[in-house]
Each structure stands twice: as structure tokens, then as C-alpha cells.
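Trainee: Dumping the structure here so I can ask a few things about it.
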Amino acid sequence: MTRNSKAKDHVAHLEKRLALWRTGEIFKLLKECTAIQARLLSSKPSAKHNEQVFVRLMLQGKISAALKWIGSQRSGLLDVDDKVLITLRDKHPKPAKVVSGALLKGPAVDVEDVIFDNIDADLIERTAKSISGAAGPSGADAEIWQRILCSKQIK
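Mapping of the sequence shown onto my numbering: position 75 corresponds to residue 75, and the numbering continues sequentially without gaps.
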């Protein structure tokens with residue numbers, strides 16, 4: 001997939017991956033994902049960008065989000081080598097015996113479509129207007145979601 005790829009290309013790739021999934025060829029899927037991710041460019045925000053985001057959040061009065069932003073920029077992933085794997089294995093708890101009361105038994109419960117019938121645009125808009133909070137994994141805080149979900153310009 002490239003910037004110029006067409007919808008039919010996306011569909012073909014998706015169908016191929018679904019076929020691999022259905023036949024249980026998880027390792028082929030994993031290998032493809034690894035190859036795709038290796039081709040992606042790694043972009044780390046500059047210190048100036050981090051500072052600009054922090055200042056903007058502070059000026060908007062979003063102190064918690066600003067502190068969370070600064071804290072999230074300091075963390076990083078370790079390169080996985082033998083030492084890291086050994087350390088992780090040492091820290092991982094030993095498996096406990098399974099308590100039968102913690103297991104779900106029987107067939108999976110299907111949720112009927114009727115449960116979702118009362119979810120409409122008005123309910124989503126009312127709910128969106130009542131939310132508040134800092135950004136989660138998506139990077140969008142409540143204010144952004146309100147703008148997206150309640151805007152008359154975005155439909």
C-alpha cells in the first residue's frame with residue numbers, strides 16, 4: 001500500500017489477510033505485519049514540538065493533559081534482547097491455579113441487534129456534549145470529540 005493506492009488494492013489485501021486468518025496462518029500474517037512496520041518511517045517529535053504542545057495545553061488551561069503529555073514523551077520502548085527478556089520473565093508472576101468460578105462456561109452470548117436500535121444521532125450528540133477529560137490513546141481529548149461529534153459541518 002502506498003499513498004496512491006486505490007480502494008480495490010485495499011480490498012484485495014484485506015481479502016488475502018482474511019483468508020490467512022480463516023485458515024489459521026497467523027505466522028504468515030505476523031510476518032507480513034512485521035514487514036509493513038519495518039517500512040514505516042519512524043517520526044519522533046522534536047523537543048521544540050513537545051514544548052509547543054505543552055505550552056498550548058497550558059494556555060488552554062488543560063494542566064492535567066499538559067503534564068500527561070510531557071510525561072508520555074519521556075518514556076520509550078527498550079530494544080528486546082536476551083537481558084530484557086530474562087528481566088521480564090523474572091518479573092512475570094508464576095501462573096496460579098484456575099478458579100472455576102472465574103471461567104465463563106457454555107456458548108457465547110449473542111447480543112441482539114435490538115439492543116443498539118435506540119442509539120441514534122441525538123443520543124450520541126447528548127452524550128458527546130456531556131463528556132469531559134484529557135486525551136486517551138487516540139490523542140483526542142473531550143473537546144475534540146465534542147467538535148467532531150456535534151459539529152453541523154461534519155456529517
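Backbone N, C-alpha and C define an ideal beta-carbon position, used for all residues, glycine too.
(1) Along the alpha helix (DSSP H) that carries Leu20, what are the first and last residues, could you check?
(2) Any contact of the stretch 141-155 with the stretch 120-133, i.e. 3+ C-beta pairs under 8 Å?
(3) Where Lys21 and Lys94 are concerned, what is the direct C-alpha to C-alpha distance, given to the nearest angstrom?
(4) Around the C-beta of Asp117, are 16 or more other C-beta atoms found within 10 angstroms, so that it is buried, or is it exposed?
(5) Quick one: what's got a C-beta closer than 6 Å to Asp9's C-beta in the same chain, skipping five residues either side?
(6) Helix, strand or coil, according to DSSP, for Gln146 in the structure here?
(7) Run through DSSP, which three-state label would Gln52 get?
(8) Starting from Leu40 and walking both ways along the alpha helix (DSSP H), at which residues does that stretch end?
Mentor: By the coordinates alone:
(1) 7-22
(2) Taking 8 Å as the limit for Cβ pairs, the verdict is that the stretch 120-133 does touch the stretch 141-155.
(3) The displayed chain sequence assigns Trp, not Lys, to residue 21. So the alpha carbons of these two residues sit roughly 31 Å apart.
(4) exposed
(5) none
(6) helix
(7) Correct three-state label for Gln52: helix.
(8) Taken as a continuous stretch (DSSP letters only), Leu40 belongs to no alpha helix (DSSP H), as it is neither H nor E.
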